[in-house]
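In the UniProt record's numbering, the protein residues as written are 1 to 99. Note sheet for the following structure.
Structure below.
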């Protein structure tokens, strides 16, 4: 007699009262890549399409060619805004001394 194994039910992290923090985001195991923290909520982003990837490359290249020397352009770079906001924009321009 054989018994088919039971599929495990995925469990989602339960947010603490007041929402998640940037520290929580660093410690939570098994989060999908590029998970963002917006207003204390975890935001799971979809995989990008080839069109989206090419658009990011295009805008990064354009911004790099136009940005003054004291600025740097990054793609998919996590930004620590405050305890409950850590987005990962597709492209971001920052002063070189900030990094």
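C-beta atoms are modelled at their ideal positions from N, C-alpha and C, and glycine is treated no differently. Given the structure is predicted, the values throughout are model-derived calculations rather than measurements.
Residue range 50 to 66 is occupied by the alpha helix (DSSP H) that includes residue 56. DSSP places residue 31 in no beta strand (DSSP E); its state is neither H nor E. Contact annotation: the region 77 to 90 touches the region 8 to 26, with at least three C-beta pairs closer than 8 angstroms.
Here residue 75 is not near residue 94, since their CB atoms are 8 angstroms or more apart.
By the neighbour-count criterion, in which a residue is buried when 16 or more other Cβ atoms sit within 10 angstroms of its Cβ, residue 61 is exposed. When beta bridges are read from the DSSP output, residue 38 appears opposite 41.
Annotation: residue 65 to residue 52 spans about 20 angstroms, alpha carbon to alpha carbon.
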